[in-house]
Structures are given as structure tokens and as C-alpha cells.
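Data block below; observations after.
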Amino acid sequence: MKKRIAVLASGRGSNFQAVIEAIAAGRIPATCVALITDNPKAFAIERAGKAGVPVTVLDYTTFASRAEYETALLAAMKKTRADLYVLAGYMRILGPGIVRSFPQKIINIHPALLPSFTGLHGQRQAVEYGVKVSGCTVHFVDENLDCGPIILQKCVPVLQDDDEDALADRILVEEHRCYPEAIRLFCEGRLEITGRTVRIR
Ligand code: GRF
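As numbered in the working numbering, residues 243 to 443 make up the sequence shown, in order.
What follows is the structure in C-alpha cells.
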């Protein structure tokens, strides 16, 4: 049975694109039933249009408060009846009400090897810290930032002349492999969470 996945994105949506392409190629047994975005200018909207994915725009700036925005977001998410919610460059923190509504059903990709370099600019933090390897992490979303159980990680070298952009480009190549792979494992029912540990069956 195909799973229903909904993607939340705020920007260029290259990870969203990688997921769309993996589905189209038959590599993920799923249908992408929705793109939800907080940003009416997100390039991800164009990608959704080309792929025939329905779009819901909840322009954050038009809501009176964060609480009102989150109420609308929760309703939009529920309406998709998705089996999995995929955060792909979604630039807001999901409130606890939303996270609790979809336990072990929301995943995120972070451009660093968690638990290092959480929050914004994971690639810049890695360059500034002087680490020799970095990478990306796909993890379940819990109520703490960039903290839920880890599904997959991929490493890349940090080269001595790297700036933030060079490292980000190298990590992004791995993100585009890693995220579809993690989603495939989820959709195949192969992820088993025990405490912080995710086993792949
Ligand atoms: C990626 O680097 C991802 O790891 C982070 O936000 C960026 C999104 O890029 N969470 P894109 O919108 O998927 O191109």
C-alpha cells in the first residue's frame, strides 16, 4: 500500500524535488499529497506545480499571532491525512501541539551531523569550528530542536579551503540521496524506534 506524504517547505525546495523525483522513479512507495508552505514566494511552490502536487500557502505574515498560524497549520496538516510529514527546509520551529499531534510521523533533515551544530547555519558552524567531517542527518521530530531519534546520517569531508557555501554544496548532494532513502525506509515500514535508537529492519 502506498503511503501518503506531505512536505513542509519554506524556500528553494531542492530536497522536496529529490523526493518528488524518487517517487516518480518508483523508489519510494508513496504519493506526495501536499506541499504546505509558510512563504508565498517559496520556489518549492513552482516545483509542486510542475509535479502536480497540491499546494497550501499559509503566509505567516498574514496571521495575527504564532498561535493562530499554528492552529491553521495543524488544520492543514490534518486535512492531508498524511502518513508522514516531511520537513524540507521548513524554516519555523513546530510548536509542541503540532509535534504531539503526529508522534513519530514528522521527519526533518539537518545539514550537520547531529547532535553537533543544531539550529540555523549548520554548515557555517562546522566550518567555523574547524571540524574535518560534517554531513547531514535525517531524524524524527520531537519537542526539542534538532533532537529526535536519528534515522540516517551521511558524512562528507570538510576541506581546508571550504567556506560555508562550498561545504553546503557538498552536504546537499548527500541530502538529496539520504532524504529519499529515509522516506523509503519509513514508507516500507522498516523503521523501529526504541528510545532514541532507530533500527532499520
Ligand atoms: C537544507 O540544507 C536542509 O538540510 C535544511 O534546509 C535546507 C533546505 O534546502 N533543513 P532546500 O530548500 O531543500 O533546497
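Idealized CB from N, CA, C, for every residue including glycine.
Item	Value
Proximity winner among ALA424, ARG366, ALA266, ARG289, relative to ALA251 (alpha-carbon distances)	ARG289
Span of the beta strand (DSSP E) around HIS352	348 to 352
Heavy atom of ligand 1 within 6 Å of GLY294 beta-carbon	no
Range covered by the alpha helix (DSSP H) that runs through LYS244	From DSSP, LYS244 is part of no alpha helix (DSSP H); its letter is neither H nor E.
Alpha carbon of ALA408 to alpha carbon of ILE392, nearest angstrom	25 Å
For SER307, the three-state DSSP class (helix, strand or coil)	coil
Given CYS389 as reference, the closest of ARG334, VAL440, LEU356 once Cα atoms are compared	LEU356
The stretch 373 to 385 contacting the stretch 350 to 365, beta-carbon criterion three pairs below 8 Å	yes
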